[in-house]
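Colleague:
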């Protein structure tokens, strides 16, 4: 009894995956701000207020992006949107990958939570909230996850100091 | 988590030491006065018993705990020193080997577990991160576990070889008074002063509180 | 046959009782190390007694844990310490912060600092773990032996 040969999952080709933007636009016109492809990876930037519709379109649509690999964030203090969230999606059925981007805004960063679409986003969004302060509407339990619950501030923001203390040496001068 | 008391909770302090039980914290003068030949032999015997069976509490936090586990391996058998018996409950442990990075979130837990240990108790700070925060000089890592608990021996390394940890335990045993050396009254006085000074410095620290049980 | 299986298990145990234990009797026998093992640091001198370290602070710049402090001073003709223009008047390593990565050894252009094999460094206080230049210039008092399968080994401690 031999094992069946491992099938290579087809990598998403550019022609197929720009259907992603088409699918999003179909359900929510005007959601996609831009898309680009770099090194074989497709990134679709959507408006922050349409992220939930885009998520539903991608999960339930033909490309079936049923797996959320992660929700991450980066702080760009010079940009008007400041916090750029990234949702890394993977399709188990077709093998496709896509990255969704959304800008959450600077002064009071907020965005809809996608936990109703992918439950695995729960702790990921808690981490983004803990480290960056982005609030997720509709999240079942938005509280700190890495830092102590009574911590002040959001440590991974660019304006948060690294902390620590001066390394101890002898008093010789 | 329930281990962090809510702000505003009354701080109930467990009695830290009791001179009647902690023979090494009695007044050095009283100790000298009570010292006769028989008592010295008894103290030597007590020191021998304490150093020959020093049971650690399991407190491996991060990578250093792997090397701590290696000291239990057959190659470097810590059972030869009686320290193989890692206790799951701090109430039955003598030694706390803080092995790994201590984060700000874990600090009250360390203090809580240290408070649950019965006297006499000792602490070995194993590795760079437990001693001083090591290479993680940032907001999340406590820069040395001696900010919340008093430490007896520091073992540097990243991670320290298991032999380094065993040497640390060896010099701790010398400090306790192994090999028949009764700790001198200077050492007892120094230990008492060190405890008092540490208590005074951290008297207002909310971390020191905790349920009395 | 359940009972015979149990006896086979016991047989393994009893046979192991008769084999030589692999325990290294630690304090009496030090564990041998390989030549590139990174232990305690050592500052080196030239053969004529001048220090190799010129206080350039490349080691301090390379250190990920920022645990080296170097304060340089000019060599004067009356007081010449190193073989270059400057020497390290203050050279301290906080061994409690050190992660023994060896980046200082890699960064040093003069081979002035190397990591030797000593791994027995425990102390009672944090302050005792801040090694100053005079401590680092001395070879470590207890060096472990090299492995016997190293070509040219075993080298007795202290002669590496």
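Chains as they are written, first to last, in the working numbering: chain G, 612 to 784; chain B, 5 to 217; chain D, 68 to 227.
C-beta atoms are modelled at their ideal positions from N, C-alpha and C, and glycine is treated no differently.
(1) For residue 100 of chain B, name the three-state secondary structure that DSSP assigns.
(2) Judging by CA-CA distance, which residue of G:702, G:648, G:724 is the nearest neighbour of residue 664 of chain G?
(3) Assign residue 103 of chain D to one of three DSSP states: helix, strand, or coil.
(4) Beta-carbon within less than 7 angstroms of residue 98 of chain D's beta-carbon, same chain only, minus the 5 sequence neighbours each way: which residues are those?
(5) If contact means a Cβ-Cβ distance below 8 angstroms, which residues of the stretch 763 to 781 of chain G contact chain B?
(6) Check the C-beta distance from residue 68 of chain B over to residue 163 of chain B and give it rounded, since I have them as a contact under 8 angstroms.
(7) Quick one: what's got a C-beta closer than 7 angstroms to residue 614 of chain G's C-beta in the same chain, skipping five residues either side?
(8) For the beta strand (DSSP E) containing residue 178 of chain D, name the first residue and the last one.
(9) Please report whether the beta-carbon of residue 197 of chain D lies at a distance below 8 angstroms from any beta-carbon of chain G.
(10) Anything in chain B within Cβ reach of residue 189 of chain D, meaning under 7 angstroms, just list it in chain order.
(11) On a Cα-Cα basis, can you pick out the residue from D:155, D:141, D:173 that is closest to residue 203 of chain D?
(12) Return the residue from the list B:93, B:105, B:49 that minimises the CA-CA distance to residue 2 of chain B.
(13) Counting C-beta neighbours from all protein chains within 10 Å, is the total for residue 736 of chain G 16 or more, i.e. buried, or is it exposed?
(14) Below 6 angstroms CB to CB, which residues in the same chain sit around residue 678 of chain G once its five sequence neighbours on both sides are set aside?
(15) Is residue 147 of chain B close to chain G? Criterion is C-beta to C-beta, closer than 8 angstroms.
(16) May I ask you to report which of helix, strand or coil DSSP gives residue 732 of chain G?
(17) Would you grab the beta carbon distance between residue 91 of chain B and residue 57 of chain B for me? Rounded to a whole angstrom, and I think it's under 8 angstroms.
(18) Buried or exposed: residue 133 of chain B, going by 16 or more other Cβ atoms within 10 Å of its Cβ?
(19) I need the DSSP call for residue 117 of chain D, collapsed to helix, strand or coil.
(20) Contact check, residue 161 of chain D vs residue 784 of chain G under 8 angstroms by CB: the rounded distance?
(21) Output the boundary residues of the alpha helix (DSSP H) element that contains residue 132 of chain B.
(22) Please classify residue 65 of chain B: does DSSP put it in a helix, a strand, or coil?
(23) Going residue by residue through the stretch 637 to 696 of chain G, where are the continuous alpha helix (DSSP H) segments of at least 4 residues, counting only ones entirely within it?
(24) Locate the alpha helix (DSSP H) running through residue 704 of chain G, then write down its first and last residues.
(25) For the beta strand (DSSP E) containing residue 79 of chain B, list its first residue and its last residue.
(26) Using a Cβ-Cβ cut-off of 6 angstroms (strictly less than) and excluding sequence neighbours within five positions of residue 690 of chain G, which residues of its own chain qualify?
(27) Taking residue 137 of chain D as the reference, which of D:114, D:200, D:195 has the closest Cα?
Modeller: On the basis of the data shown:
(1) Position 96 of the second chain, counted from the start, is the residue given in the question as residue 100 of chain B. Note: residue 100 of chain B maps to strand in three-state DSSP.
(2) Stepping through the first chain from its first residue, residue 664 of chain G is reached at position 53. Ranking the options by Cα distance to residue 664 of chain G, first place goes to G:724.
(3) Taking the first residue of the third chain as position 1, residue 103 of chain D is located at position 36. Reduced to three states, the DSSP call for residue 103 of chain D is coil.
(4) Reading the third chain from its first residue, position 31 is the one you call residue 98 of chain D. Same-chain partners within the cutoff: 91, 211.
(5) 766, 771, 772, 773, 774, 775, 776, 778, 779
(6) The residue labelled residue 68 of chain B in the question sits at position 64 within the second chain. The residue labelled residue 163 of chain B in the question sits at position 159 within the second chain. 4 angstroms between Cβ atoms; contact.
(7) Along the first chain, one-based indexing puts residue 614 of chain G at 3. Note that residue 614 of chain G scores 45 on pLDDT, short of 50, meaning its location in the model is unreliable and no value can be drawn from it.
(8) Walking along the third chain from the start, residue 178 of chain D turns up at place 111. Neither: residue 178 of chain D is in no beta strand (DSSP E) and is coded neither H nor E.
(9) Position 130 of the third chain, counted from the start, is the residue given in the question as residue 197 of chain D. Yes, contact with chain G.
(10) In the third chain, residue 189 of chain D corresponds to position 122, counting from 1. Ordered by position in chain B, the residues that pass the 7 angstroms Cβ test against residue 189 of chain D are 157, 158, 159, 168, 171, 172, 175.
(11) The count along the third chain starts at 1 and reaches residue 203 of chain D at position 136. Taking only the C-alpha atoms, the option nearest residue 203 of chain D is D:155.
(12) Residue 2 of chain B falls outside the range modelled here, since chain B spans only 5 to 217, and no answer is possible.
(13) By 1-based counting over the first chain, the position of residue 736 of chain G is 125. Residue 736 of chain G should be labelled buried.
(14) As a position in the first chain, residue 678 of chain G is number 67, starting the count at 1. Cβ within range, chain order: 701, 703.
(15) Within the second chain, residue 147 of chain B is the residue found at index 143, counting from 1. Judged by the 8 angstroms Cβ criterion, residue 147 of chain B is in contact with chain G.
(16) To locate residue 732 of chain G, count along the first chain from 1; it is residue 121. It is helical.
(17) Here residue 91 of chain B corresponds to residue number 87 of the second chain, with the count starting at 1. Here residue 57 of chain B corresponds to residue number 53 of the second chain, with the count starting at 1. Not confirmed; about 11 angstroms, so no contact.
(18) What you label residue 133 of chain B is simply residue 129 of the second chain in a count that begins at 1. By the 10 Å Cβ count, residue 133 of chain B comes out buried.
(19) In the third chain, residue 117 of chain D corresponds to position 50, counting from 1. DSSP places residue 117 of chain D in coil when its eight states are reduced to three.
(20) By 1-based counting over the third chain, the position of residue 161 of chain D is 94. By 1-based counting over the first chain, the position of residue 784 of chain G is 173. Contact doesn't hold; Cβ gap of about 16 angstroms is too wide.
(21) Here residue 132 of chain B refers to the residue found at position 128 when the second chain is read from its first residue. Per DSSP, residue 132 of chain B belongs to the alpha helix (DSSP H) from 131 to 136.
(22) Taking the first residue of the second chain as 1, we reach residue 65 of chain B at position 61. Correct three-state label for residue 65 of chain B: coil.
(23) 662 to 671
(24) The residue labelled residue 704 of chain G in the question sits at position 93 within the first chain. That residue, residue 704 of chain G, is in no alpha helix (DSSP H); it is neither H nor E in DSSP.
(25) By 1-based counting over the second chain, the position of residue 79 of chain B is 75. That residue, residue 79 of chain B, is in no beta strand (DSSP E); it is neither H nor E in DSSP.
(26) Within the first chain, residue 690 of chain G is the residue found at index 79, counting from 1. Taken in chain order, the list of residues that qualify is empty.
(27) Taking the first residue of the third chain as 1, we reach residue 137 of chain D at position 70. Selected option, being the one with the closest Cα: D:200.
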